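Below is one structure, written out as C-alpha cells; comments come after it.
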Amino acid sequence: MMENLYLVARIADTRVALRSRAINSVVTVGTPVEVPAAPPHVAGLFALRSRVFTLIDPHVVIGLPAVPVAPGQRVIVVDVAEHGYALLADEIEDVCFIEAPETRIAGKLLPGWARVADAMIEHEGASLLVVDPSHFISLPALKAA
Amino acid sequence: MVQPQFLGRTGTAMDDLLNDFLAETAEILAEAGGAIVAWEADPADRAQLDAIFRFVHTIKGSSGFLALPRVTALSHAAEDALDQVRRGHRTPNAALVSGVLGIIDRLNALCAALGQDGVEPAGDDRDVIGVLSEEQAASANAPFAVAGVPLRRDDDFGADLQSWRSIRVPLPLLDSVMTGVTDIVLARNEFARMLRESGADPSLIASFDRLSDSIAGMRQSVSQMRMQRIDKLFAPLPRIVRDLAQDLGKKIAFQTSGGEVELDREMMENIRDPLIHIVRNAIDHGIEPLEERVAAGKDITATISVSARQSGNQIEIEIGDDGRGLSPDTLVAKAIAARVLTANEARALAPKEKLNLIFRPGFSTAAKVTSVSGRGVGMDIVKANVEKIGGVVELRNEEGRGLTILLRVPMTLTIISGLMVRAAGQYFAIPRGAVREILLESGDTVRIDRVGGGEFATVRGEQYPLLRLEAVLGRGRHHGDDVDDRALVIVRPGQGQSYALSVAAIHDHEELVIKPAAPMIMATGLYAGTTLPDNGRPVLLLDVQGMLAAAAIDASEAGRSHDRMAESDAELLAARNAAQLLLFREAGGRVRGVRLSVIERVEEVPASALFESAGRVQAQIGEDIFAVHAAKTPASDGTQKLLRLHDGCSVLCYPIAEVIDIVRLPDAVQPSVAPGLIAGVVLVGGEPVELIDPYWLMEQYAGGAAALADRLPLCRIADDHDGWGQNFLAPILRSAGYRVAPDGDDADEAHDVLLCLAEDGEAPDEATNDIPVIRLRNSIAATGPGDDTVYRYDRQALLDALRRQVGGQGR
Numbered sequence: 001m002m003e004n005l006y007l008v009a010r011i012a013d014t015r016v017a018l019r020s021r022a023i024n025s026v027v028t029v030g031t032p033v034e035v036p037a038a039p040p041h042v043a044g045l046f047a048l049r050s051r052v053f054t055l056i057d058p059h060v061v062i063g064l065p066a067v068p069v070a071p072g073q074r075v076i077v078v079d080v081a082e083h084g085y086a087l088l089a090d091e092i093e094d095v096c097f098i099e100a101p102e103t104r105i106a107g108k109l110l111p112g113w114a115r116v117a118d119a120m121i122e123h124e125g126a127s128l129l130v131v132d133p134s135h136f137i138s139l140p141a142l143k144a145a
Numbered sequence: 146m147v148q149p150q151f152l153g154r155t156g157t158a159m160d161d162l163l164n165d166f167l168a169e170t171a172e173i174l175a176e177a178g179g180a181i182v183a184w185e186a187d188p189a190d191r192a193q194l195d196a197i198f199r200f201v202h203t204i205k206g207s208s209g210f211l212a213l214p215r216v217t218a219l220s221h222a223a224e225d226a227l228d229q230v231r232r233g234h235r236t237p238n239a240a241l242v243s244g245v246l247g248i249i250d251r252l253n254a255l256c257a258a259l260g261q262d263g264v265e266p267a268g269d270d271r272d273v274i275g276v277l278s279e280e281q282a283a284s285a286n287a288p289f290a291v292a293g294v295p296l297r298r299d300d301d302f303g304a305d306l307q308s309w310r311s312i313r314v315p316l317p318l319l320d321s322v323m324t325g326v327t328d329i330v331l332a333r334n335e336f337a338r339m340l341r342e343s344g345a346d347p348s349l350i351a352s353f354d355r356l357s358d359s360i361a362g363m364r365q366s367v368s369q370m371r372m373q374r375i376d377k378l379f380a381p382l383p384r385i386v387r388d389l390a391q392d393l394g395k396k397i398a399f400q401t402s403g404g405e406v407e408l409d410r411e412m413m414e415n416i417r418d419p420l421i422h423i424v425r426n427a428i429d430h431g432i433e434p435l436e437e438r439v440a441a442g443k444d445i446t447a448t449i450s451v452s453a454r455q456s457g458n459q460i461e462i463e464i465g466d467d468g469r470g471l472s473p474d475t476l477v478a479k480a481i482a483a484r485v486l487t488a489n490e491a492r493a494l495a496p497k498e499k500l501n502l503i504f505r506p507g508f509s510t511a512a513k514v515t516s517v518s519g520r521g522v523g524m525d526i527v528k529a530n531v532e533k534i535g536g537v538v539e540l541r542n543e544e545g546r547g548l549t550i551l552l553r554v555p556m557t558l559t560i561i562s563g564l565m566v567r568a569a570g571q572y573f574a575i576p577r578g579a580v581r582e583i584l585l586e587s588g589d590t591v592r593i594d595r596v597g598g599g600e601f602a603t604v605r606g607e608q609y610p611l612l613r614l615e616a617v618l619g620r621g622r623h624h625g626d627d628v629d630d631r632a633l634v635i636v637r638p639g640q641g642q643s644y645a646l647s648v649a650a651i652h653d654h655e656e657l658v659i660k661p662a663a664p665m666i667m668a669t670g671l672y673a674g675t676t677l678p679d680n681g682r683p684v685l686l687l688d689v690q691g692m693l694a695a696a697a698i699d700a701s702e703a704g705r706s707h708d709r710m711a712e713s714d715a716e717l718l719a720a721r722n723a724a725q726l727l728l729f730r731e732a733g734g735r736v737r738g739v740r741l742s743v744i745e746r747v748e749e750v751p752a753s754a755l756f757e758s759a760g761r762v763q764a765q766i767g768e769d770i771f772a773v774h775a776a777k778t779p780a781s782d783g784t785q786k787l788l789r790l791h792d793g794c795s796v797l798c799y800p801i802a803e804v805i806d807i808v809r810l811p812d813a814v815q816p817s818v819a820p821g822l823i824a825g826v827v828l829v830g831g832e833p834v835e836l837i838d839p840y841w842l843m844e845q846y847a848g849g850a851a852a853l854a855d856r857l858p859l860c861r862i863a864d865d866h867d868g869w870g871q872n873f874l875a876p877i878l879r880s881a882g883y884r885v886a887p888d889g890d891d892a893d894e895a896h897d898v899l900l901c902l903a904e905d906g907e908a909p910d911e912a913t914n915d916i917p918v919i920r921l922r923n924s925i926a927a928t929g930p931g932d933d934t935v936y937r938y939d940r941q942a943l944l945d946a947l948r949r950q951v952g953g954q955g956r
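Chains as they are written, first to last, in our numbering: chain A, 1 to 145; chain B, 146 to 956.
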C-alpha cells in the first residue's frame, strides 16, 4: 500500500508528487543559519530534534532565482546518503493514495525538471511530475563548475 | 587488533569463549610479530624476549582450555624454544627467529580457519615445529650468549597480569553508548538554555550544574573508552618491513615514534590498511636497490620512519623514507602511458599536481607490477579511505632524497572543545586545540601592516599572515559589528604553521558535538562540520587548515628558525666528510673495503660487456671503455657488478660480487708490509677487512686508462643563429675528438677555441683573452689574400685550422 502513497506539494512553482517512502517528515522552519561560500542551492542550516539539516532551495536546482526563506515555511525532510536535508516547499497540499500508475514522461520538459523528474502521474484530473528528492541535493554538473 | 574476519560465529557460551580467544589471540599475534623483530635486532633485550614468551604462553594456556590441539602444540613448541633461550641454553639467531615467526604465521592461519568454521582444521604442523627443533639439535652445543640469570618459569607473570585484566565489548555496543552520551550532551545544552531563559531559582540551577558536571565526566570516560594507543596500529609494521626487505634484498632500518598518541578506535580501523599500503610502497618503490643507494652517496641502510603526533584535534601520521622520492616527469610519462592523462592535460599541470597523479585511479608508479605492491590497491584507495573519515593525505617529496606521506585524521568525530567567534553577523566555531592565543586587534601588543595588498599581524615581534574571516567566507563586514571588538585568534592548524585570524568578536568556549556537514558544504573546504550549541542554532565548525588553502596563504613558520636549519646542515656536512668505507664481497667470497670517496658509482653491466684486449680486461659502459682490474674476464654469464674508481682524471673498474655495507672508516689501520693492492687491514664489527689501496691500483693502470672526456679540447660555437652550428658543425667536431659547448652556454669551464659563424660579426670579447677564434664564411671563395676565414663546408681546412689553434690535440 505504501507504494501508492504520495505527498503532493508545490515546489519551485510546480505541482509535484513525491513518493512517501522517500520522505522523512514535513516540518516548519524558523530562520535558517547561512552557510557562506556554499553552493547557491544551499539555503542554510537548521536544527530539528538535535540534528542539523541542510536546507535546499529547489528553485535554484531547477534553474530559477533563489527565494528567501519565510519564517514558518514548511519544508520536506529527506535523508540522502545518511545526511539530513530539507527541501523548501512553496505549499504542501496533501498526502494521499494515488491509484493511477506512474507513466513515462512523454513530452519535453525544461532541462532543470527533466533531471529531477522520474515519471508522470494522474491525480484528480491533473498531471503531476513524480520527482525523486535526492535529485535536488546535487546541482547539475555544468552549474556547479 | 581484533580482526573481524575471525569473529564469525556467535551463539553458545562456548562460541563466546572461542570468539574471546580469537580476538585476544589476533591481538597477541600482531604484537608478538613486532616484538620478535625488535628482539632479533637486539637479542640481548631481555624484556622483549620475556614479552614474546608471555605471548605464546598465554595462547598455549587458553588453547589448552578450549581443546585446540594444533594451536596448543604450536604455541608449546615456540614456548619451549624461547624458554631455552631464556634459560641461556640456546643462542638466539636468525633461524630461530624465522622459526618462531613461522609458528606465528601458522597460528594466524589456524585462527582464521577457526573463526570461519568454528572448529580447528585437521593438519600437520611438524614442518614449522621441525624448523625449531632441528635448529635446536644443531645448536645444542652453542655457547651461552644471552646475558642474564635464568629465571623460574612462571614467576614473572604477576607484574603484567593487571594489563590483561580487561573485558571485551563489541564495537556496536560502544558506538551506541557513544551516541547516547552525545544525545545527553545535546539535551543538556538545550535544557541549560531553557533554564537560563526561565530565570529559574539558584538551587535548581545548582543541582542542574551537578548533573551537568557528571555528564561531562561521563562524556570524557566514554571518549576514552573508544581511544586506543596508536602503537596498536604500528605493531604489525616491523614484521612487514622485515619480511619485505628480506624478500627484496634491501637493508632497512625501521623506526616508529609517538606510539603513545591516542586515536579513536574507528579511526584506527580506517587507517590501518592505508598505513600498511604506504609502508609497503615505500619499501618496494621508494627505497632503491643497494647499488643505487651507494651510487647516490646514501647510507646503504635505508630508513623508514613512522611517527604519530597530536596536533590540536587532529592526529598526524607521517611515513617517511629516504629513498628516491617521486619524479614528477616520470609520473606524468606513466600517467600518459596508462591513459590516465593526455599529453595536453599534462602540460597544464603544476609540479604539485604532477605529484598528485599518484592518487588517480588506475595509476601505478611501479615500472612493473611486483608481487609486493602490485595488488590492485592504489594510492587512490588510500586517499579515499582517509578522506572518508574526514582526513587528508599530503605528499612531501624531495626527488632523489625521499618521500614523506602525511596522513592527517581527526582524533575523534565526536565532541571537542570549541571557541565560538562571530563574523558577518553569525557565529562560527574554531577547534580550541588549534587556538594558540586570543588578542584584541586594537591592543598594544598587536601591530597590523598592510603591505602590497596583503595584511600581516606582528605580535610581540613574531609575524603572522592575517586572514579576515569575512573575506575568507566571501562576506562583507556586518553593520552591527564594533571595530573595537575585533579580535585576533592566533591559529596553529598543524605543526610548523600558524596565522592570525581576524574575527568580529569572540563569544565563549563550549563543548561541541561535531557532526559532519552535508558533502556539498564540506566540499567548500572551509568547514570541518556542524554543531549545535546551547542556543539551539546550528553553528559551522571552521576548518582551520582548509581556510589556509582557500586563502592561498603560506603560513609555514619556516624561516623563523633559520639558525637551527643552518646548524643541522653543518652537522650533515660534517657527517658526510667523515671518511667512509664501502664494504664489498669479491667473487671469491672475500670481504674487502675501499674508501667511499674514490668510488664514482657502482655499475651493473652484462657480463658480455667485459672483453679482453691487448692482454688487459676492459669494460664497455655506455659509449666509453674502461680498464678493469681483473686477470681474466669473469666466467659468469649474467651481469657483473663493477666499482668505478675515479681519481679525478681516469677511471678504473673493480669487479665485485656484491656491496655489503657502508661503515665509518676505523681509525686503526694495520698497514701492509709492501705496497700492493692491499693497503692494510682494519677491523669492522670485529672482523678483519682488507683495505684496497686505490693509489697503487690506479698506478698500475694509469697508462692504459682511457682519457676522461673533460680532457678533450672544448670548442664553443658563437653566433649560431639558425642552428647550423649545433646541427651540422657540432657532430663533425665531436667525431674529430673535440667537445662542443653550445652558444650562450655560460659554463664555468674556459673553452679552448671559439668558432664564429658570423662573417662580419664583431670580434667577441674572447678574442682579447688569448682564446683563438676561427671564423667561418658562407661563400666558397675567399674575399682576399688577407682573409683567414674558413669556408664552412671545407671539412679538412676546418679541422686543420682547429689543430693549429689548439695545439694539435684533436685526432
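Glycine residues also receive a C-beta, built at the ideal position from the N, C-alpha and C atoms. Please read these numbers as outputs of a predicted model, since none were measured by experiment.
Checklist entry - Nearest CA to the CA of B:L564: which residue from B:A752, B:D653 and B:V829? => result Nearest C-alpha to B:L564: B:D653.
Checklist entry - Anyone know if the C-beta pair for B:I329 and B:I360 falls short of 7 angstroms? => result In contact: B:I329 and B:I360 (Cβ atoms closer than 7 angstroms).
Checklist entry - Which bits of chain B does A:V130 rub up against, with CB to CB less than 8 angstroms? => result Within 8 angstroms of the CB of A:V130, no CB atom of chain B is found; the nearest one sits about 24 angstroms away.
Checklist entry - Using a C-beta to C-beta distance shorter than 7 angstroms, which residues of chain A count as neighbours of B:L331? => result Per Cβ cutoff of 7 angstroms: S50.
Next on the checklist: Using DSSP's beta-bridge definition, name the partner residues of B:D963.
Outcome noted: No information on residue 963 of chain B is available, as it lies outside the stretch 146 to 956 that chain B covers here.
Item to check | Whole-angstrom distance between B:G870 and B:D864, CA atom to CA atom | outcome: Going by the C-alpha atoms only, they are around 9 angstroms apart.
Item to check | Exposed unless 16 or more other CB atoms sit within 10 angstroms - verdict on B:F166 | outcome: In summary, B:F166 is buried, with 16 or more beta-carbon neighbours lying within 10 Å of its beta-carbon over all protein chains present.
Checklist entry - Apart from the five residues on each side of it in sequence, which residues of its chain come closer than 6 angstroms, Cβ to Cβ, to A:D118? => result If the five residues before and after A:D118 are omitted, its C-beta is found closer than 6 angstroms to the C-beta atoms of V130 and D132, all from its own chain and listed in chain order.
Checklist entry - Who pairs with B:K497 in a beta bridge, going by DSSP? => result DSSP lists no partner for B:K497.
Item to check | Same chain, Cβ closer than 8 angstroms to B:V406, five either side skipped, listed in chain order | outcome: R374, I375, A453, R454, Q455 and I460, listed in sequence order.
Checklist entry - Does the distance from the CB of B:H504 to the CB of B:I449 come in under 7 angstroms? => result Note on identity: in this sequence residue 504 of chain B is Phe, with His being the wrong assignment. Their beta carbons are not under 7 angstroms apart, which means B:F504 does not touch B:I449 by this criterion.
Next on the checklist: Taking CB distances under 7 angstroms as the criterion, tell me whether A:P39 reaches chain B.
Outcome noted: Closer than 7 angstroms: yes.
Item to check | Inter-residue CB distance, A:I76 and A:A89 (contact presumed, cutoff 8 angstroms) | outcome: Sure, about 5 angstroms apart at Cβ, within 8 angstroms.
Checklist entry - For A:A37 versus B:G621, is the C-beta spacing smaller than 7 angstroms? => result No, they are not a contact pair.
Item to check | Runs of beta strand (DSSP E) wholly within the region 536-561 of chain B (minimum 3 residues, chain order) | outcome: Considered as a whole, the region 536-561 of chain B harbours 537-543 and 547-555 as its complete beta strand (DSSP E) runs of no fewer than 3 residues, in chain order.
Checklist entry - Does the distance from the CB of B:L741 to the CB of B:A772 come in under 7 angstroms? => result The answer is no: Cβ separation not under 7 angstroms.
Item to check | Assigned secondary structure, B:V814 (DSSP; H/G/I helix, E/B strand, else coil) | outcome: DSSP places B:V814 in coil when its eight states are reduced to three.
Checklist entry - So is A:L147 in contact with chain B if we call contact Cβ pairs under 7 angstroms? => result Because residue 147 of chain A is not part of the residues shown, which for chain A are 1 to 145, the question remains open.
Item to check | 9 angstroms Cβ cut-off: residues of chain A touching B:Q571 | outcome: Chain A residues near B:Q571: V33, E34 and P36.
Item to check | Inside the region 46-80 of chain A only - beta strand (DSSP E) runs reaching at least 3 residues | outcome: Taken in chain order, the complete beta strand (DSSP E) segments of 3 or more residues contained in the region 46-80 of chain A are 51-56 and 73-80.
Next on the checklist: Taking 7 angstroms as the threshold (beta carbon to beta carbon), is B:A304 in contact with chain A?
Outcome noted: Interpretation of B:A304 is limited by its pLDDT of 40, a score under 50 that renders its predicted location unreliable; no figure is taken from the coordinates.
Checklist entry - Near B:D688, which residues of its chain fall below 7 angstroms by C-beta distance, leaving aside the five closest residues on each side in sequence? => result The residues are G670, L671, Y672 and A673.
Item to check | Residues within the region 61-83 of chain A neighbouring chain B, beta-carbon criterion of under 8 angstroms | outcome: So the list reads A81 and H83, given in the order they occur along the chain.
Next on the checklist: Under 8 angstroms, with one C-beta from each stretch per pair, do the region 197-211 of chain B and the region 219-238 of chain B reach the 3-pair mark?
Outcome noted: Below 8 angstroms, enough C-beta pairs join the region 197-211 of chain B and the region 219-238 of chain B to call them touching: three or more.
Checklist entry - Since A:G84 sits in a beta bridge, which residues does DSSP pair it with? => result For A:G84, which the question treats as bridged, DSSP gives the partners A:D79.
Item to check | Short Cβ contact (7 angstroms threshold) for B:M413 with B:L435 | outcome: The Cβ-Cβ distance between B:M413 and B:L435 does not fall below 7 angstroms.
Item to check | Nearest residue (CA-CA) to B:D630, options B:A574, B:Q369, B:V566 and B:I428 | outcome: It is B:V566.
Checklist entry - Can you tell me where the alpha helix (DSSP H) with B:F210 in it begins and where it stops? => result Residues R191 to F210.
Item to check | Cβ pair B:T324, B:V658 closer than 7 angstroms | outcome: Not closer than 7 angstroms, so no.
Next on the checklist: Any beta carbon of chain A sitting closer than 7 angstroms to that of B:P317?
Outcome noted: For B:P317, the answer is no, since every Cβ of chain A falls outside 7 angstroms of its Cβ.
Item to check | Extent of the continuous beta strand (DSSP E) to which B:D769 belongs | outcome: Membership of B:D769 in the beta strand (DSSP E) is indicated by the continuous run D769 to V773.
Next on the checklist: So, under 8 angstroms CB-CB, A:V42 and A:I56 are touching, yes? Tell me the CB distance rounded to an integer number of Å.
Outcome noted: Rounded, the Cβ-Cβ distance is 7 angstroms, consistent with contact.
Next on the checklist: Just to confirm, is the Cβ distance from B:C860 to B:V827 under 7 angstroms?
Outcome noted: Going by C-beta atoms, B:C860 is not nearer than 7 angstroms to B:V827.
Checklist entry - Just to confirm, are B:I540 and B:L500 a CB contact at a threshold of 7 angstroms? => result With the sequence shown as reference, residue 540 of chain B is identified as Leu, and Ile is not the correct amino acid for it. B:L540 places its beta carbon less than 7 angstroms from that of B:L500.
Checklist entry - Quick one: does A:A152 have its CB under 7 angstroms from some CB of chain B? => result Residue 152 of chain A lies beyond the range of chain A shown here (1 to 145); nothing can be said about it.
Next on the checklist: Suppose contacts are defined by Cβ-Cβ distances below 7 angstroms. Is B:V951 in contact with B:D867 by that definition?
Outcome noted: Result no, Cβ atoms of B:V951 and B:D867 do not sit closer than 7 angstroms.
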